[in-house]
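2 protein chains.
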Amino acid sequence: MELNLDLNRDIPVLDWTPHLAPRTEGMKSSAIRELLKLTQQPDIISFAGGLPAPEFFPLREVEEACRYIIRKDGAKALQYSATEGYGPLKEYLATTMHKYGVPAVPDNVLLTNGSQQALDLIGKLFIDSGDYVLTGRPTYLGAIQAWNAYGARYHTVNLDDDGMVVDEMEHAYEKVLADSGKPPKFIYVLPNFHTPAGTTMPLERREQLAEIATKLNLPVVEDDPYGQLRYEGEDIPPICTFIPERTIYLGTFSKIMAPGLRLGWIVCPEVLMKRFVQAKQGCDLHTGTFVQYIANDICQRGLIKPHVRRLRQVYKERRDTMLDALAEFWPEGCSWTHPQGGLFLWARVPEPVDTTEFLKIALAEKVAYVPGVNFYPNQDGGYNAMRLNFSYSPPDIIVEGIRRLGIALKKALGY
Amino acid sequence: MELNLDLNRDIPVLDWTPHLAPRTEGMKSSAIRELLKLTQQPDIISFAGGLPAPEFFPLREVEEACRYIIRKDGAKALQYSATEGYGPLKEYLATTMHKYGVPAVPDNVLLTNGSQQALDLIGKLFIDSGDYVLTGRPTYLGAIQAWNAYGARYHTVNLDDDGMVVDEMEHAYEKVLADSGKPPKFIYVLPNFHTPAGTTMPLERREQLAEIATKLNLPVVEDDPYGQLRYEGEDIPPICTFIPERTIYLGTFSKIMAPGLRLGWIVCPEVLMKRFVQAKQGCDLHTGTFVQYIANDICQRGLIKPHVRRLRQVYKERRDTMLDALAEFWPEGCSWTHPQGGLFLWARVPEPVDTTEFLKIALAEKVAYVPGVNFYPNQDGGYNAMRLNFSYSPPDIIVEGIRRLGIALKKALGY
Chain E
1 MELNLDLNRD IPVLDWTPHL APRTEGMKSS AIRELLKLTQ QPDIISFAGG
51 LPAPEFFPLR EVEEACRYII RKDGAKALQY SATEGYGPLK EYLATTMHKY
101 GVPAVPDNVL LTNGSQQALD LIGKLFIDSG DYVLTGRPTY LGAIQAWNAY
151 GARYHTVNLD DDGMVVDEME HAYEKVLADS GKPPKFIYVL PNFHTPAGTT
201 MPLERREQLA EIATKLNLPV VEDDPYGQLR YEGEDIPPIC TFIPERTIYL
251 GTFSKIMAPG LRLGWIVCPE VLMKRFVQAK QGCDLHTGTF VQYIANDICQ
301 RGLIKPHVRR LRQVYKERRD TMLDALAEFW PEGCSWTHPQ GGLFLWARVP
351 EPVDTTEFLK IALAEKVAYV PGVNFYPNQD GGYNAMRLNF SYSPPDIIVE
401 GIRRLGIALK KALGY
Chain F
416 MELNLDLNRD IPVLDWTPHL APRTEGMKSS AIRELLKLTQ QPDIISFAGG
466 LPAPEFFPLR EVEEACRYII RKDGAKALQY SATEGYGPLK EYLATTMHKY
516 GVPAVPDNVL LTNGSQQALD LIGKLFIDSG DYVLTGRPTY LGAIQAWNAY
566 GARYHTVNLD DDGMVVDEME HAYEKVLADS GKPPKFIYVL PNFHTPAGTT
616 MPLERREQLA EIATKLNLPV VEDDPYGQLR YEGEDIPPIC TFIPERTIYL
666 GTFSKIMAPG LRLGWIVCPE VLMKRFVQAK QGCDLHTGTF VQYIANDICQ
716 RGLIKPHVRR LRQVYKERRD TMLDALAEFW PEGCSWTHPQ GGLFLWARVP
766 EPVDTTEFLK IALAEKVAYV PGVNFYPNQD GGYNAMRLNF SYSPPDIIVE
816 GIRRLGIALK KALGY
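Chains E and F, in that order, are what the protein sequence lines are. Residue 1 is where the first sequence starts when you use the numbering used here, and the numbers rise one by one after that. Residue 416 is where the second sequence starts when you use the numbering used here, and the numbers rise one by one after that.
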């Protein structure tokens, strides 16, 4: 073939905008993702991302799993596989749900590319342009990003120290109905160690939420990425336990094993699972076979439980370090949540400080966080708040970062 | 916590239909995926799936890569990473595109969960309910499945021995415009070793397609999963080469490395790439870090080229075996394509035989294929055709499967 195409030739630039679907206007690049790029500069102390501590990744366990899988089952582990997920791993996950009282069987479980894909699949199945989601203010911004792509709107209820204020839900439902002529598509809730707020919903409020969801005939999306990372108090059963027939429960290996595997799961009723499987087929055929085999091997060898125990120690120390540093270095008028688990706390600063503006000062001091407003789907709050991650940085770095932020805050407040 | 939840309690069944988005009615489970389940029965000879030969997976290479990556770079390989993909792998892919004359740089490349996710992202960015896609009849059913989820409609042009009949495109454009008041969103084309048809588009027709796309101001989605698996003749430059400013090119590691890694890529103009990255963030944050490191290690060590050379030998032999067996065992009146590469050929049987009906007979004889109608997005053809895969089964099994189909065909035709 004779073809002399010049690699340096001028290529015209096409305007793609008129070709795109109108709903893509709602898609924006995530503030967190853009920040993550910034914070890859090695000299930045980052409280911004939701990254686990890489020095505690189960490297030996993964290496052993890879060798074992390739030698024993390589031809299957590298081949196409069922959309639903790898059988033994589904069985393991169904069984672990049992200890919470969730009557799950393997057919209730779907493996996904991290929880983020579960959020996307929910958007794909439920949300048409203009539909409302009922969620808290603040709420997880990855969910907002997933659902914006389908044209979602948001009606929010407040959070108090016990998470979403369930008493506001019936009123919110009526408002949505009046505004759009349709009920909201579902309630989105993060009951354990809420991101970004760090709150945990007590048992009674979970039962209350289950009751109101049933009364209003609304599905519940229960996002539980950190449930196993509890540092004090006792486990509380998921909402899924009370209303399995109307709950879509989301779990993930990202925080308890490794996020780079991209492995999460959905637990939901079998009648709905068929629809999720259809949607996922169109999305990517199935979740990676090899990474499912790796996670399964580590779980089945009983290595995940001691690993999670270890993580709980490490992250508890980091949480306590951050709480102590905040008390020591931050000026009067600031406040913060005391999370019982998870990766984040939510800090408030006195009103003159806008945390989006203040981020520039913080970055000049080589510290990063996520400004609170990013977690308000309608941008109607969080101006004086920030989300702080305590899982990623070692304790001495946490102290230094909080100290720097404290000095900068005092300066900004004129102390 | 005191909670006695009976795992065997009766759980009410919710009717989820009224909660779902109306567009989900277009989603159906893929015939191929459902068939794959059937064909997992070990005694079935399956020409149905698009599975690579598992006995030639690069097991040693993957095992070495895993060990090396975990030891050298484990903390990064298991962590969250950039949505765009792993830098060194993007660079490798951009460079390999150069040899076709595509002026790609790493910023033109996005890593995806197999090509299927690329198809889904295209649907997400381009297709609103009722929008038309211009494609061939037949065409790849994974694309139909991806775009049905966004409510796509299809206008098709015929295929001849040289692939999509480009001469029909202008008329098709006018029809779509008249019918929907809008141009089609893009042209979807599989120029190399078309699935299911097995045809390859010659250079002249690719240039002609590039011209008509430019004239009509239409984007082109160029799906090239098998481009490197050519068994005769010379490589032909991708359409992307002629109109990089309006082409979205899709590649994949599924057929040249292993599908269980779920790794594909998009090459497109930088102005459009930003939108793909936003869409992918909402879908799953990023493609698995670990599997990208594995693929990169195998590519950078120079192991992929000899591996692909090997695959070309193996699959050429299997293609030739299938062609010979068809000539030997199938009755008069049947015909089939002679693919220059890829994994499939397209066989036609005499009109009284409906290949959907005949599949039951074939399965009773323990042989599977995909009936042709599944590749017609408007179900307006393919009734007497079938797609036969020749990559998965070893030669002796191919002969036996084609022999059994031949006997059953003769019986069905009353010979």
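All residues carry an ideal CB built from backbone N, CA and C; glycine is no exception.
By the three-class DSSP mapping on this structure, what secondary structure does residue i have?
{"i": "E:ASP160", "result": "strand"}
{"i": "F:THR554", "result": "coil"}
{"i": "F:ASP535", "result": "helix"}
{"i": "F:MET416", "result": "Note on F:MET416: pLDDT 44, under 50, position unreliable in the model; the coordinate value appears next. Coil at F:MET416, not helix or strand."}
{"i": "F:GLU585", "result": "helix"}
{"i": "E:SER81", "result": "coil"}
{"i": "E:VAL133", "result": "strand"}
{"i": "F:ALA762", "result": "strand"}
{"i": "E:HIS155", "result": "strand"}
{"i": "E:TRP265", "result": "strand"}
{"i": "F:ARG645", "result": "strand"}
{"i": "F:PRO754", "result": "coil"}
{"i": "E:ASP15", "result": "coil"}
First and last residue of the beta strand (DSSP E) that includes residue i?
{"i": "F:ALA710", "result": "Looking at the DSSP string, F:ALA710 is not in any beta strand (DSSP E); the run it does join, the alpha helix (DSSP H), is 704-715."}
{"i": "F:GLY665", "result": "Correcting the residue identity first, residue 665 of chain F is Leu in this sequence and not Gly. Run containing F:LEU665: 662-667, per the beta strand (DSSP E) assignment."}
{"i": "F:MET801", "result": "800-804"}
{"i": "E:GLU222", "result": "220-223"}
{"i": "F:GLY816", "result": "It is not in any beta strand (DSSP E) - F:GLY816 instead sits in the alpha helix (DSSP H) that spans 810-828."}
{"i": "F:ILE776", "result": "Counting along the chain, F:ILE776 falls outside any beta strand (DSSP E), though it belongs to the alpha helix (DSSP H) covering 770-779."}
{"i": "E:LEU111", "result": "109-112"}
{"i": "E:VAL189", "result": "187-189"}
So, at 6 Å on beta carbons, what are the nonlocal neighbours of residue i in its own chain, with the 5 sequence-adjacent residues on each side left out?
{"i": "E:HIS307", "result": "PRO58"}
{"i": "E:LEU134", "result": "HIS155, ALA172, PRO184, ILE187"}
{"i": "E:CYS268", "result": "ILE248"}
Taking the alpha-carbon of residue i as reference, which of the options has the nearest alpha-carbon?
{"i": "F:ASN711", "options": "F:PHE668, F:ALA694, F:ARG727", "result": "F:PHE668"}
{"i": "E:PRO350", "options": "E:ILE239, E:TRP330, E:PRO18", "result": "E:TRP330"}
{"i": "E:ASP15", "options": "F:ARG763, F:PRO767, F:ILE812, F:LYS689", "result": "F:LYS689"}
{"i": "E:THR214", "options": "E:GLY282, E:ILE236, E:CYS240", "result": "E:CYS240"}
{"i": "E:SER115", "options": "F:PHE773, F:ARG734, F:ASP699", "result": "F:ASP699"}
{"i": "F:VAL604", "options": "F:VAL580, F:ILE817, F:GLN794, F:ALA564", "result": "F:VAL580"}
{"i": "F:ARG733", "options": "F:ARG677, F:PHE759, F:GLY797", "result": "F:PHE759"}
{"i": "F:ARG438", "options": "E:PRO12, E:GLN278, E:PRO237", "result": "E:GLN278"}
{"i": "E:ASP324", "options": "E:VAL102, E:GLY406, E:LYS182", "result": "E:GLY406"}
{"i": "E:SER163", "options": "E:GLU357, E:PRO138, E:SER180", "result": "As written in the sequence, residue 163 of chain E is Gly, which differs from the Ser given in the question. When each option's Cα is compared against that of E:GLY163, the closest is E:PRO138."}
{"i": "E:ASP10", "options": "F:PRO659, F:TYR495, F:LYS826, F:GLN715", "result": "F:PRO659"}
{"i": "E:ARG206", "options": "E:SER180, E:PRO259, E:ASP235, E:ALA412", "result": "E:ASP235"}
{"i": "E:ARG404", "options": "E:GLU63, E:GLU328, E:PRO371, E:LYS182", "result": "E:GLU328"}
{"i": "F:LEU741", "options": "F:ASP795, F:VAL517, F:LEU824", "result": "F:LEU824"}
{"i": "E:PRO377", "options": "E:TYR86, E:TYR92, E:ARG153", "result": "E:ARG153"}
{"i": "F:GLY516", "options": "E:ILE397, E:PHE56, E:ILE212, E:ASP6", "result": "E:ASP6"}
Considering only the beta carbon of each residue, do residue i and residue j sit closer than 8 Å?
{"i": "E:THR156", "j": "E:HIS286", "result": "no"}
{"i": "E:VAL221", "j": "E:PHE276", "result": "no"}
{"i": "F:PHE790", "j": "F:LEU534", "result": "no"}
{"i": "E:ALA21", "j": "F:LEU540", "result": "yes"}
{"i": "F:TYR830", "j": "F:SER461", "result": "no"}
{"i": "E:ILE256", "j": "E:ILE294", "result": "no"}
{"i": "E:TYR383", "j": "E:VAL373", "result": "yes"}
{"i": "F:ASN804", "j": "F:ALA509", "result": "no"}
{"i": "E:GLY151", "j": "E:ILE127", "result": "yes"}
{"i": "E:LEU110", "j": "E:LYS280", "result": "yes"}
Here's a check: name, in chain order, each residue in its chain whose Cβ is nearer than 8 Å to the Cβ of residue i, leaving out the five neighbours to either side.
{"i": "F:HIS513", "result": "ALA519"}
{"i": "E:ASP160", "result": "THR199"}
{"i": "E:GLU400", "result": "ILE45"}
{"i": "E:ARG230", "result": "ASN192, PHE193, ARG312, GLN340, GLY341"}
Could you tell me the boundaries of the alpha helix (DSSP H) in which residue i lies?
{"i": "F:TYR730", "result": "719-744"}
{"i": "E:GLY282", "result": "270-284"}
{"i": "E:ALA97", "result": "With the sequence shown as reference, residue 97 of chain E is identified as Met, and Ala is not the correct amino acid for it. Segment 87-98, the alpha helix (DSSP H) holding E:MET97."}
{"i": "E:GLU207", "result": "203-216"}
{"i": "F:GLU470", "result": "No alpha helix (DSSP H) contains F:GLU470, which DSSP labels as neither H nor E."}
For residue i, which residues from the same chain have a beta carbon less than 7 Å from its beta carbon, with the 5 sequence-adjacent residues on both sides left out?
{"i": "E:TRP346", "result": "PRO196, ALA197, GLY198, TRP336, THR337, ALA385, ARG387"}
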